[in-house]
Every structure is written in C-alpha cells, then in structure tokens.
Amino acid sequence: MVETINKTIRVSRQLLQELGHDPSAEEIAEEMDMPVEKVRDILKIAQEPVSLETPIGEEEDSHLGDFIPDEDASEPSEAASFSLLREQLEEVLDTLAPREKKVLELRFGIVDGRTRTLEEVGKEFNVTRERIRQIEAKALRKLRHPSRSKKLRDFLS
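With positions in the sequence shown counted from 1, the corresponding number in this note's numbering is that position plus 1.
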C-alpha cells in the first residue's frame, strides 16, 4: 500500500508539472490506469497533516488555528447568564430551611448535576420517600411565592 501511495504522489507531482495545475483524481487515475475511487481513497490516506500554527494571510500574523471554532466552548453571554442564574438560585435557596434546600439540591441535581429519586434522598435523611415528597412540595411552594420567584423570573424567557 505504501508503494501505491508513493507512486500516486509521484504521478500527481508529475502531472502537476505537465498540466500546470493540481491534477484531478480522474487525471491521476487515467495516468495510472487505476479506478478513480481507488485513487480518491489513496489521496485521502496520503494527505499530509497541516499544523494549526501555519501562518495565514499576507502579514502572517494569523494562524490556521485562529479560524477553527471550538464547538465545546460556550458563548460568553450564555456563560454569564448561567453564572448569574446560579448566583440567584443560590440566593433564593438560602432563604429556605437547610433541610428543604438540601432536598431540592439533591432532587434536581443543582450541586453536582445528578438528580436523585425520592427514595435516594430519603435514605440520605433517614426518612421515607413520602416525607421527602412533602418537604420538596413545601419548599417548591415557598419558592413560588412572589417575594422569592421574582428573582428568578428573568431567567424563564
């Protein structure tokens, strides 16, 4: 396979000299008497890696890596909104009794992102899941009160 790749690259360079432009896969395939699909596969395999530090532009003050977006990065405005929401949520939860706050944090995964069932929270507090349901319902009822809910209302839209 390495020999075929090297031969394909050699023929490609030769055709570049003869034709004055980068040869197409069809032109290479015709010259090598090989199926076009096989030439495409070989060319795909033979591609040289390009450094992200490759200079771009006339002044070469930019690099290729500068133009590749980070798909995992969040938008700054989203990150700021999320941070404000967390702060407001923490402030509102602090108005609840410590037990109510902890039940909501566990049930909705507010601290660690892992939601828990009534049963799991009940085991942590050594009470029944029905008692946890009651504590949760009471805490949510308190959060719906206008004095608390107005702080979070802006984040609902």
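Even glycine gets a Cβ: it sits at the ideal position worked out from N, Cα and C.
- Query: Which value, in whole angstroms, describes the spacing of the CA atoms of residue 110 and residue 66?
  - Reply: 36 Å
- Query: Are there three or more Cβ pairs, one per stretch, closer than 8 Å when the region 87 to 102 is compared with the region 62 to 77?
  - Reply: no
- Query: Cβ of residue 125 within 8 Å of Cβ of residue 107?
  - Reply: yes
- Message: On a Cα-Cα basis, can you pick out the residue from 43, 127, 6, 153 that is closest to residue 88?
- Response: 153
- Task: Return the chain-ordered list of same chain residues with a C-beta closer than 7 Å to the C-beta of residue 24, the five sequence neighbours on each side being excluded.
- Result: 13, 16, 17
- Message: Within 10 Å of its beta-carbon, does residue 51 have 16 or more other beta-carbons around it, so buried, or fewer, so exposed?
- Response: exposed
- Query: residue 52 lies in the alpha helix (DSSP H); which residues open and close that run?
  - Reply: Note, residue 52: premise wrong, no alpha helix (DSSP H); not H, not E.
- Is there at least one Cβ from chain B nearer than 8 Å to residue 78's Cβ? Although the question refers to chain B, the structure presented lacks it and comprises just one protein chain.
- Query: Can you give the Cα-Cα distance for residue 30 and residue 21, rounded to whole angstroms?
  - Reply: 17 Å
- Task: May I ask you to report which of helix, strand or coil DSSP gives residue 13?
- Result: helix
- Identify whether residue 63 lies in helix, strand or coil by the three-state DSSP scheme. strand
- Message: Could you compute how far the alpha carbon of residue 39 sits from the alpha carbon of residue 53?
- Response: 29 Å
- Have a look at 134, 49, 90 and flag the residue whose alpha-carbon is nearest the alpha-carbon of residue 151. 90
- Which runs of the alpha helix (DSSP H), 4 residues or longer, sit entirely within the region 77 to 104? 77 to 94
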